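Going left to right, the sequence shown walks through residues 2 to 394 as the working numbering numbers them.
Virtual Cβ for every residue (Gly too), placed ideally from N, Cα, C.
These numbers were taken from a predicted model, which means no experiment stands behind them.
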Amino acid sequence: MSGTSIQIKVVLLSASSMTVMAGALITPVLPDIGRHFSDWPDVWVKLIITLPALFIALFSPLMGWLADRYGRLPVLKTCLLIYALAGAAGGLVDTLGWMLLTRALLGIGVAGIMGIATTLIGDYFTGQARQRFMGLQGSFMALGGVIYINLGGGLALISWRAAFMVYLAGLLVWLLAWLYLREPARKTLSDPLTDSMNPPAFPWRQVLPVYALGFAAMSLFYMLPAQMPFLLVQRFDASSLQTAWVISSSTLAGALAGYLFGGFKNHLSHARIYALAFLLFATGYLLASLVPWYSLMLLAVMVSGFGAGMTFPAGNHWLLQLAPEAFRGRVMGGFASVFFTGQFLSPLLVAPVELRVGLTGAFQVAALLALVLSVLLLWRPPARASSAGDGQS
2 MSGTSIQIKV
12 VLLSASSMTV
22 MAGALITPVL
32 PDIGRHFSDW
42 PDVWVKLIIT
52 LPALFIALFS
62 PLMGWLADRY
72 GRLPVLKTCL
82 LIYALAGAAG
92 GLVDTLGWML
102 LTRALLGIGV
112 AGIMGIATTL
122 IGDYFTGQAR
132 QRFMGLQGSF
142 MALGGVIYIN
152 LGGGLALISW
162 RAAFMVYLAG
172 LLVWLLAWLY
182 LREPARKTLS
192 DPLTDSMNPP
202 AFPWRQVLPV
212 YALGFAAMSL
222 FYMLPAQMPF
232 LLVQRFDASS
242 LQTAWVISSS
252 TLAGALAGYL
262 FGGFKNHLSH
272 ARIYALAFLL
282 FATGYLLASL
292 VPWYSLMLLA
302 VMVSGFGAGM
312 TFPAGNHWLL
322 QLAPEAFRGR
332 VMGGFASVFF
342 TGQFLSPLLV
352 APVELRVGLT
362 GAFQVAALLA
372 LVLSVLLLWR
382 PPARASSAGD
392 GQS
(Lines of atoms letter the chains of each structure in order from A; the text may use other names.)
(Lines give C-alpha, C1' and ligand atoms only; values in the text may rest on other atoms or scores of the structure.)
Protein backbone atom coordinates (compact mmCIF):
# COMPACT_ATOMS: atom_id res chain seq x y z
CA MET A 2 0.00 0.00 0.00
CA SER A 3 1.18 3.51 -0.78
CA GLY A 4 1.14 6.61 1.38
CA THR A 5 -2.51 7.10 0.47
CA SER A 6 -3.52 3.79 2.07
CA ILE A 7 -5.82 5.41 4.62
CA GLN A 8 -7.67 7.26 1.85
CA ILE A 9 -7.93 4.08 -0.20
CA LYS A 10 -9.41 2.22 2.77
CA VAL A 11 -11.93 5.00 3.36
CA VAL A 12 -13.05 4.92 -0.28
CA LEU A 13 -13.40 1.12 -0.31
CA LEU A 14 -15.37 1.10 2.93
CA SER A 15 -17.59 3.98 1.80
CA ALA A 16 -18.28 2.30 -1.54
CA SER A 17 -19.13 -0.94 0.26
CA SER A 18 -21.60 0.88 2.49
CA MET A 19 -23.38 2.22 -0.60
CA THR A 20 -24.52 -1.32 -1.38
CA VAL A 21 -26.19 -1.61 2.04
CA MET A 22 -27.92 1.73 1.58
CA ALA A 23 -29.63 0.41 -1.56
CA GLY A 24 -32.23 -1.44 0.48
CA ALA A 25 -31.72 -0.40 4.09
CA LEU A 26 -32.43 3.27 3.56
CA ILE A 27 -36.05 2.83 2.54
CA THR A 28 -36.92 -0.22 4.64
CA PRO A 29 -38.51 1.92 7.41
CA VAL A 30 -40.63 3.87 4.91
CA LEU A 31 -41.88 0.79 3.06
CA PRO A 32 -45.25 0.77 4.88
CA ASP A 33 -45.64 4.50 4.04
CA ILE A 34 -44.89 3.81 0.38
CA GLY A 35 -47.40 0.96 0.54
CA ARG A 36 -50.08 3.35 1.78
CA HIS A 37 -49.22 5.81 -1.02
CA PHE A 38 -49.64 3.02 -3.59
CA SER A 39 -52.55 1.41 -1.73
CA ASP A 40 -54.20 0.29 -4.96
CA TRP A 41 -51.30 -2.13 -5.53
CA PRO A 42 -50.90 -5.49 -3.70
CA ASP A 43 -48.26 -5.63 -0.96
CA VAL A 44 -46.09 -8.01 -2.99
CA TRP A 45 -45.58 -5.30 -5.65
CA VAL A 46 -44.67 -2.72 -3.02
CA LYS A 47 -42.12 -5.12 -1.52
CA LEU A 48 -40.47 -5.29 -4.95
CA ILE A 49 -39.30 -1.71 -4.36
CA ILE A 50 -36.59 -3.04 -2.06
CA THR A 51 -36.06 -6.39 -3.79
CA LEU A 52 -36.12 -5.41 -7.50
CA PRO A 53 -32.62 -3.89 -7.31
CA ALA A 54 -31.41 -7.32 -6.24
CA LEU A 55 -32.68 -8.87 -9.50
CA PHE A 56 -30.70 -6.39 -11.57
CA ILE A 57 -27.66 -6.81 -9.35
CA ALA A 58 -27.93 -10.54 -9.99
CA LEU A 59 -28.30 -10.05 -13.75
CA PHE A 60 -25.54 -7.47 -14.19
CA SER A 61 -22.91 -8.48 -11.62
CA PRO A 62 -21.28 -11.13 -13.85
CA LEU A 63 -21.06 -8.58 -16.67
CA MET A 64 -19.52 -6.00 -14.34
CA GLY A 65 -16.98 -8.56 -13.14
CA TRP A 66 -16.05 -9.42 -16.73
CA LEU A 67 -15.68 -5.73 -17.62
CA ALA A 68 -13.53 -5.15 -14.54
CA ASP A 69 -11.23 -8.07 -15.41
CA ARG A 70 -10.99 -7.04 -19.06
CA TYR A 71 -10.87 -3.23 -18.98
CA GLY A 72 -9.99 -2.29 -15.42
CA ARG A 73 -11.67 -1.87 -12.05
CA LEU A 74 -11.89 1.90 -11.78
CA PRO A 75 -13.76 2.88 -14.99
CA VAL A 76 -16.55 0.46 -14.11
CA LEU A 77 -16.65 1.49 -10.44
CA LYS A 78 -16.84 5.22 -11.18
CA THR A 79 -19.58 4.79 -13.79
CA CYS A 80 -21.64 2.65 -11.43
CA LEU A 81 -21.31 5.17 -8.59
CA LEU A 82 -22.84 7.84 -10.85
CA ILE A 83 -25.70 5.54 -11.89
CA TYR A 84 -26.29 4.67 -8.24
CA ALA A 85 -26.53 8.27 -7.02
CA LEU A 86 -28.76 9.58 -9.80
CA ALA A 87 -31.11 6.60 -10.09
CA GLY A 88 -31.43 6.26 -6.31
CA ALA A 89 -32.45 9.88 -5.80
CA ALA A 90 -34.84 9.75 -8.76
CA GLY A 91 -36.98 7.23 -6.87
CA GLY A 92 -38.16 10.00 -4.56
CA LEU A 93 -39.26 12.21 -7.44
CA VAL A 94 -41.59 9.88 -9.34
CA ASP A 95 -45.28 9.42 -8.58
CA THR A 96 -46.17 6.09 -10.14
CA LEU A 97 -45.10 2.66 -8.97
CA GLY A 98 -43.98 1.71 -12.48
CA TRP A 99 -41.51 4.60 -12.71
CA MET A 100 -40.30 3.93 -9.18
CA LEU A 101 -39.57 0.30 -10.06
CA LEU A 102 -37.62 1.51 -13.11
CA THR A 103 -35.40 3.73 -10.95
CA ARG A 104 -34.88 0.82 -8.57
CA ALA A 105 -33.80 -1.37 -11.49
CA LEU A 106 -31.22 1.24 -12.53
CA LEU A 107 -30.07 1.48 -8.93
CA GLY A 108 -29.47 -2.26 -8.99
CA ILE A 109 -27.26 -1.93 -12.06
CA GLY A 110 -25.16 0.61 -10.18
CA VAL A 111 -24.87 -1.62 -7.12
CA ALA A 112 -23.88 -4.56 -9.35
CA GLY A 113 -20.65 -2.79 -10.22
CA ILE A 114 -19.98 -1.20 -6.84
CA MET A 115 -20.33 -4.29 -4.68
CA GLY A 116 -18.29 -6.75 -6.71
CA ILE A 117 -15.55 -4.31 -7.68
CA ALA A 118 -15.09 -2.90 -4.17
CA THR A 119 -14.49 -6.42 -2.86
CA THR A 120 -12.31 -7.28 -5.86
CA LEU A 121 -10.15 -4.24 -5.12
CA ILE A 122 -9.72 -5.47 -1.55
CA GLY A 123 -8.36 -8.68 -3.04
CA ASP A 124 -6.07 -6.64 -5.31
CA TYR A 125 -4.76 -4.31 -2.60
CA PHE A 126 -4.47 -6.71 0.37
CA THR A 127 -3.04 -10.18 0.98
CA GLY A 128 -2.82 -12.65 3.88
CA GLN A 129 -3.78 -11.50 7.35
CA ALA A 130 -4.21 -7.90 6.17
CA ARG A 131 -6.89 -9.06 3.73
CA GLN A 132 -8.58 -11.15 6.42
CA ARG A 133 -8.71 -8.21 8.82
CA PHE A 134 -9.96 -5.79 6.18
CA MET A 135 -12.69 -8.21 5.06
CA GLY A 136 -13.98 -8.21 8.64
CA LEU A 137 -13.72 -4.43 8.75
CA GLN A 138 -15.66 -4.19 5.50
CA GLY A 139 -18.46 -6.35 6.90
CA SER A 140 -18.53 -4.35 10.12
CA PHE A 141 -18.52 -1.03 8.30
CA MET A 142 -21.35 -2.14 6.01
CA ALA A 143 -23.43 -3.21 8.99
CA LEU A 144 -22.80 0.07 10.83
CA GLY A 145 -23.68 1.92 7.65
CA GLY A 146 -26.91 -0.03 7.61
CA VAL A 147 -27.72 1.19 11.12
CA ILE A 148 -27.12 4.79 10.10
CA TYR A 149 -29.10 4.54 6.88
CA ILE A 150 -32.05 2.72 8.43
CA ASN A 151 -32.39 5.26 11.23
CA LEU A 152 -31.88 8.11 8.78
CA GLY A 153 -34.64 6.69 6.61
CA GLY A 154 -36.91 6.26 9.63
CA GLY A 155 -36.23 9.81 10.77
CA LEU A 156 -36.80 11.29 7.32
CA ALA A 157 -40.07 9.35 7.12
CA LEU A 158 -41.39 11.74 9.76
CA ILE A 159 -41.02 14.47 7.12
CA SER A 160 -41.90 12.48 4.00
CA TRP A 161 -41.08 9.07 2.61
CA ARG A 162 -39.71 10.86 -0.47
CA ALA A 163 -37.00 12.59 1.56
CA ALA A 164 -35.29 9.27 2.30
CA PHE A 165 -34.42 8.81 -1.38
CA MET A 166 -32.31 11.98 -1.47
CA VAL A 167 -29.68 10.32 0.72
CA TYR A 168 -28.61 8.27 -2.30
CA LEU A 169 -26.89 11.42 -3.58
CA ALA A 170 -24.10 10.58 -1.12
CA GLY A 171 -22.89 8.34 -3.92
CA LEU A 172 -21.62 11.46 -5.67
CA LEU A 173 -19.21 12.11 -2.79
CA VAL A 174 -17.87 8.56 -2.99
CA TRP A 175 -17.49 8.99 -6.76
CA LEU A 176 -15.36 12.09 -6.17
CA LEU A 177 -13.23 10.30 -3.57
CA ALA A 178 -12.71 7.40 -5.99
CA TRP A 179 -11.41 9.83 -8.62
CA LEU A 180 -9.04 11.42 -6.12
CA TYR A 181 -7.57 8.44 -4.30
CA LEU A 182 -8.05 5.08 -6.02
CA ARG A 183 -5.48 3.73 -8.45
CA GLU A 184 -5.81 0.89 -10.93
CA PRO A 185 -4.01 -2.10 -9.38
CA ALA A 186 -1.32 -3.97 -11.28
CA ARG A 187 -2.72 -7.41 -12.06
CA LYS A 188 -2.71 -10.32 -14.44
CA THR A 189 -5.27 -10.08 -17.23
CA LEU A 190 -6.62 -12.24 -20.02
CA SER A 191 -5.96 -9.58 -22.63
CA ASP A 192 -3.92 -11.60 -25.17
CA PRO A 193 -6.43 -13.09 -27.67
CA LEU A 194 -3.87 -15.59 -29.04
CA THR A 195 -2.91 -16.86 -25.59
CA ASP A 196 -6.55 -17.00 -24.52
CA SER A 197 -7.60 -19.06 -27.55
CA MET A 198 -4.65 -21.50 -27.43
CA ASN A 199 -4.57 -22.15 -23.68
CA PRO A 200 -7.71 -20.70 -22.08
CA PRO A 201 -7.65 -20.84 -18.27
CA ALA A 202 -10.69 -22.45 -16.72
CA PHE A 203 -13.15 -20.67 -14.47
CA PRO A 204 -12.99 -22.42 -11.06
CA TRP A 205 -16.61 -23.58 -11.03
CA ARG A 206 -16.10 -26.63 -8.81
CA GLN A 207 -14.41 -24.59 -6.10
CA VAL A 208 -16.77 -21.63 -6.05
CA LEU A 209 -20.19 -23.24 -6.58
CA PRO A 210 -20.54 -24.50 -2.96
CA VAL A 211 -19.70 -21.02 -1.68
CA TYR A 212 -22.18 -19.48 -4.11
CA ALA A 213 -24.88 -21.86 -2.83
CA LEU A 214 -24.20 -20.91 0.79
CA GLY A 215 -24.28 -17.21 -0.09
CA PHE A 216 -27.65 -17.67 -1.80
CA ALA A 217 -29.10 -19.47 1.22
CA ALA A 218 -27.74 -16.91 3.68
CA MET A 219 -29.13 -13.92 1.79
CA SER A 220 -32.51 -15.59 1.22
CA LEU A 221 -32.82 -16.09 4.97
CA PHE A 222 -31.37 -12.75 5.98
CA TYR A 223 -33.60 -10.68 3.71
CA MET A 224 -36.65 -11.77 5.61
CA LEU A 225 -35.60 -9.09 8.12
CA PRO A 226 -35.92 -5.99 5.91
CA ALA A 227 -38.63 -7.41 3.62
CA GLN A 228 -40.92 -9.14 6.15
CA MET A 229 -40.08 -7.79 9.59
CA PRO A 230 -41.67 -4.32 9.06
CA PHE A 231 -44.99 -6.00 8.28
CA LEU A 232 -44.65 -8.46 11.17
CA LEU A 233 -43.98 -5.57 13.57
CA VAL A 234 -47.03 -3.64 12.36
CA GLN A 235 -49.14 -6.80 12.49
CA ARG A 236 -48.15 -7.79 16.03
CA PHE A 237 -47.14 -4.54 17.77
CA ASP A 238 -48.60 -1.75 15.58
CA ALA A 239 -45.02 -0.46 15.30
CA SER A 240 -44.21 2.95 13.82
CA SER A 241 -41.60 3.57 11.11
CA LEU A 242 -39.11 4.67 13.75
CA GLN A 243 -39.75 1.58 15.89
CA THR A 244 -39.21 -0.56 12.80
CA ALA A 245 -35.93 1.25 12.21
CA TRP A 246 -34.81 0.44 15.77
CA VAL A 247 -35.49 -3.26 15.28
CA ILE A 248 -33.65 -3.48 11.96
CA SER A 249 -30.84 -1.37 13.43
CA SER A 250 -30.45 -3.80 16.33
CA SER A 251 -29.91 -6.57 13.81
CA THR A 252 -27.35 -4.62 11.82
CA LEU A 253 -25.48 -3.52 14.95
CA ALA A 254 -25.09 -7.17 15.88
CA GLY A 255 -23.93 -7.83 12.32
CA ALA A 256 -21.34 -5.07 12.66
CA LEU A 257 -19.95 -6.74 15.77
CA ALA A 258 -19.80 -10.09 13.96
CA GLY A 259 -17.93 -8.50 11.06
CA TYR A 260 -15.46 -6.86 13.42
CA LEU A 261 -14.80 -10.22 15.07
CA PHE A 262 -14.46 -12.13 11.78
CA GLY A 263 -10.66 -12.18 11.88
CA GLY A 264 -10.75 -13.87 15.27
CA PHE A 265 -13.36 -16.40 14.14
CA LYS A 266 -11.32 -17.24 11.04
CA ASN A 267 -8.19 -17.89 13.10
CA HIS A 268 -10.01 -20.74 14.86
CA LEU A 269 -12.76 -21.91 12.47
CA SER A 270 -12.93 -22.94 8.83
CA HIS A 271 -15.16 -20.97 6.49
CA ALA A 272 -17.66 -23.86 6.46
CA ARG A 273 -17.90 -23.93 10.25
CA ILE A 274 -18.39 -20.16 10.34
CA TYR A 275 -21.35 -20.62 8.00
CA ALA A 276 -22.67 -23.47 10.17
CA LEU A 277 -22.56 -21.23 13.24
CA ALA A 278 -24.23 -18.42 11.30
CA PHE A 279 -27.13 -20.63 10.21
CA LEU A 280 -27.57 -21.85 13.79
CA LEU A 281 -27.88 -18.22 14.91
CA PHE A 282 -30.38 -17.56 12.10
CA ALA A 283 -32.47 -20.47 13.37
CA THR A 284 -32.36 -19.29 16.98
CA GLY A 285 -33.15 -15.67 16.15
CA TYR A 286 -36.04 -16.41 13.80
CA LEU A 287 -37.61 -18.89 16.19
CA LEU A 288 -37.46 -16.28 18.94
CA ALA A 289 -38.90 -13.64 16.61
CA SER A 290 -41.89 -15.86 15.94
CA LEU A 291 -42.59 -16.45 19.64
CA VAL A 292 -41.77 -13.31 21.65
CA PRO A 293 -44.82 -11.51 23.05
CA TRP A 294 -43.22 -8.08 23.55
CA TYR A 295 -41.60 -5.56 21.25
CA SER A 296 -38.55 -5.28 23.53
CA LEU A 297 -37.80 -9.00 23.19
CA MET A 298 -38.00 -8.70 19.41
CA LEU A 299 -34.88 -6.55 19.63
CA LEU A 300 -33.01 -9.47 21.21
CA ALA A 301 -34.31 -11.94 18.62
CA VAL A 302 -33.15 -9.90 15.64
CA MET A 303 -29.76 -9.27 17.25
CA VAL A 304 -29.16 -13.02 17.39
CA SER A 305 -30.04 -13.52 13.73
CA GLY A 306 -28.22 -10.32 12.78
CA PHE A 307 -25.00 -11.59 14.36
CA GLY A 308 -25.28 -14.70 12.22
CA ALA A 309 -25.88 -12.65 9.09
CA GLY A 310 -22.87 -10.48 9.88
CA MET A 311 -20.63 -13.55 9.82
CA THR A 312 -21.71 -14.75 6.38
CA PHE A 313 -20.69 -11.75 4.26
CA PRO A 314 -16.98 -11.56 5.18
CA ALA A 315 -16.75 -15.36 5.33
CA GLY A 316 -18.06 -15.77 1.79
CA ASN A 317 -15.97 -12.96 0.34
CA HIS A 318 -12.77 -14.06 2.08
CA TRP A 319 -13.34 -17.68 1.06
CA LEU A 320 -13.75 -16.74 -2.61
CA LEU A 321 -10.79 -14.36 -2.66
CA GLN A 322 -8.66 -17.31 -1.52
CA LEU A 323 -10.15 -19.58 -4.18
CA ALA A 324 -10.14 -17.17 -7.14
CA PRO A 325 -7.18 -17.02 -9.56
CA GLU A 326 -6.09 -13.40 -9.96
CA ALA A 327 -7.15 -13.22 -13.62
CA PHE A 328 -10.68 -14.33 -12.67
CA ARG A 329 -11.03 -12.34 -9.46
CA GLY A 330 -13.52 -9.81 -10.83
CA ARG A 331 -15.71 -12.51 -12.36
CA VAL A 332 -15.65 -14.71 -9.27
CA MET A 333 -16.69 -11.83 -7.02
CA GLY A 334 -19.23 -10.64 -9.59
CA GLY A 335 -20.72 -14.13 -9.61
CA PHE A 336 -20.97 -14.09 -5.82
CA ALA A 337 -22.73 -10.74 -5.89
CA SER A 338 -25.09 -12.23 -8.48
CA VAL A 339 -26.13 -15.28 -6.43
CA PHE A 340 -26.14 -13.22 -3.24
CA PHE A 341 -28.66 -10.79 -4.64
CA THR A 342 -30.62 -13.47 -6.45
CA GLY A 343 -31.31 -14.73 -2.95
CA GLN A 344 -32.36 -11.24 -1.90
CA PHE A 345 -34.72 -10.85 -4.86
CA LEU A 346 -36.26 -14.29 -4.48
CA SER A 347 -36.61 -14.10 -0.70
CA PRO A 348 -40.07 -12.46 -0.60
CA LEU A 349 -41.23 -14.60 -3.51
CA LEU A 350 -40.16 -17.76 -1.68
CA VAL A 351 -41.76 -16.57 1.55
CA ALA A 352 -45.10 -15.56 -0.07
CA PRO A 353 -46.56 -19.08 -0.58
CA VAL A 354 -45.37 -20.14 2.88
CA GLU A 355 -47.00 -17.06 4.39
CA LEU A 356 -50.27 -17.86 2.62
CA ARG A 357 -50.35 -21.30 4.25
CA VAL A 358 -49.03 -20.63 7.76
CA GLY A 359 -49.02 -16.84 8.15
CA LEU A 360 -46.06 -14.50 8.55
CA THR A 361 -45.22 -15.79 12.04
CA GLY A 362 -45.23 -19.35 10.74
CA ALA A 363 -43.00 -18.32 7.84
CA PHE A 364 -40.30 -17.25 10.30
CA GLN A 365 -40.61 -20.63 12.03
CA VAL A 366 -40.19 -22.46 8.72
CA ALA A 367 -37.12 -20.33 7.97
CA ALA A 368 -35.69 -21.24 11.39
CA LEU A 369 -36.12 -24.93 10.62
CA LEU A 370 -34.40 -24.60 7.24
CA ALA A 371 -31.50 -22.70 8.80
CA LEU A 372 -31.08 -25.41 11.44
CA VAL A 373 -30.97 -28.10 8.75
CA LEU A 374 -28.28 -26.19 6.85
CA SER A 375 -26.22 -25.79 10.02
CA VAL A 376 -26.35 -29.51 10.76
CA LEU A 377 -25.46 -30.41 7.16
CA LEU A 378 -22.42 -28.12 7.18
CA LEU A 379 -21.16 -29.61 10.44
CA TRP A 380 -21.79 -33.15 9.25
CA ARG A 381 -20.47 -32.82 5.70
CA PRO A 382 -18.82 -29.49 4.74
CA PRO A 383 -18.18 -28.82 1.02
CA ALA A 384 -14.88 -30.71 0.78
CA ARG A 385 -13.54 -29.27 -2.47
CA ALA A 386 -14.10 -25.64 -1.50
CA SER A 387 -12.94 -26.25 2.08
CA SER A 388 -9.69 -27.91 1.11
CA ALA A 389 -8.94 -25.21 -1.44
CA GLY A 390 -9.93 -22.20 0.60
CA ASP A 391 -9.22 -22.94 4.24
CA GLY A 392 -5.50 -23.05 4.19
CA GLN A 393 -3.18 -20.55 5.77
CA SER A 394 -4.09 -17.05 4.71
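(message) Comparing C-alpha positions only, which one of A163, L232, L349 sits nearest to P293?
(response) Within the sequence shown, the letter at position 292 stands for residue 293. It is L232 whose Cα lies nearest to the Cα of P293.
(request) Give, in chain order, every unbroken run of the alpha helix (DSSP H) that is at least 4 residues long and sits entirely within the segment 239 to 285. (result) 241 to 260, 262 to 268
(message) Can you give me the C-alpha to C-alpha distance between M135 and N317, rounded to a whole angstrom?
(response) Indexing the sequence shown from 1 puts residue 135 at position 134. Indexing the sequence shown from 1 puts residue 317 at position 316. The C-alpha of M135 lies about 7 Å from the C-alpha of N317.
(request) Compute the Euclidean distance between the alpha carbons of P32 and F237, then round it to the nearest angstrom. (result) Counting from one through the sequence shown, the residue named residue 32 turns up at place 31. Counting from one through the sequence shown, the residue named residue 237 turns up at place 236. About 14 Å.
(message) Let's test the definition: count the other Cβ atoms within 10 Å of the Cβ of Y71 and tell me whether it reaches 16, buried, or not, exposed.
(response) By 1-based counting over the sequence shown, the position of residue 71 is 70. Exposed, by the Cβ-count rule.
(request) Indicate whether D69 and A276 have their beta-carbon atoms separated by less than 9 Å. (result) Here residue 69 corresponds to residue number 68 of the sequence shown, with the count starting at 1. Here residue 276 corresponds to residue number 275 of the sequence shown, with the count starting at 1. Not in contact: D69 and A276 (Cβ atoms no closer than 9 Å).
(message) Looking at R331: is its Cβ nearer than 9 Å to the Cβ of E184?
(response) Working through the sequence shown from its first residue, we reach residue 331 at position 330. Working through the sequence shown from its first residue, we reach residue 184 at position 183. Taking 9 Å as the Cβ cut-off, R331 and E184 do not qualify as a contacting pair.
(request) Can you check the segment 42 to 76 for any beta strand (DSSP E) of at least 3 residues that lies completely inside it and give the ranges in chain order? (result) none
(request) For R104, count neighbouring Cβ atoms within 10 angstroms of its own Cβ and tell me buried if that reaches 16, exposed if not. (result) Position 103 of the sequence shown, counting from 1, holds the residue named residue 104. Buried, since its Cβ has 16 or more Cβ neighbours within 10 Å.
(message) For L86 and G335, I'd like the C-alpha separation in whole angstroms.
(response) Indexing the sequence shown from 1 puts residue 86 at position 85. Indexing the sequence shown from 1 puts residue 335 at position 334. Taking the straight line joining both Cα atoms gives about 25 Å.
(message) Let's test the definition: count the other Cβ atoms within 10 Å of the Cβ of P29 and tell me whether it reaches 16, buried, or not, exposed.
(response) For the purposes of this step, residue 29 is taken as residue 28 along the sequence shown, with counting starting at 1. Looking at its Cβ environment, which holds 16 or more other Cβ atoms inside 10 Å, P29 is buried.
(message) What would DSSP say about T79, mapped onto helix, strand or coil?
(response) Against the sequence shown, residue 79 aligns to sequence position 78. It is helical.
(request) Grab me the residues of L399's own chain with a C-beta within less than 7 Å of its C-beta, minus the 5 sequence neighbours each way, in chain order. (result) Nothing can be reported for residue 399: it is not among the residues displayed for the chain, which extend from 2 to 394.
(request) Going by CA-CA distance only, name the one from S251, F203, L377 that's closest to I274. (result) Here residue 274 refers to the residue found at position 273 when the sequence shown is read from its first residue. Of the candidates S251, F203, L377, L377 places its Cα closest to the Cα of I274.
(request) Determine the contact status of P382 and A227, defining contact as a CB-CB distance below 9 Å. (result) As a first step, residue 382 is located in the sequence shown; it is residue number 381 there, counting from the start. As a first step, residue 227 is located in the sequence shown; it is residue number 226 there, counting from the start. No; because the gap between Cβ atoms is not below 9 Å, this pair is not in contact.
(message) Tell me the residue span of the alpha helix (DSSP H) that contains A143.
(response) For the purposes of this step, residue 143 is taken as the residue at position 142 of the sequence shown. 128 to 157 is the extent of the alpha helix (DSSP H) around A143.
(request) Specify, as a first and last residue, the run of the alpha helix (DSSP H) that G306 falls within. (result) Counting from 1 along the sequence shown, the entry for residue 306 is found at position 305. That run of the alpha helix (DSSP H) goes 295 to 323.
(request) Using alpha carbons as the reference points, say which of V46, A16, S6, Q344 lies closest to L173. (result) The count along the sequence shown starts at 1 and reaches residue 173 at position 172. The shortest C-alpha separation from L173 is found at A16.
(message) Taking 6 Å as the limit between beta carbons, can you name the residues of its chain near T119, skipping five residues before and five after?
(response) Looking up residue 119 in the sequence shown gives position 118. These residues qualify, in order along the chain: N317, M333.
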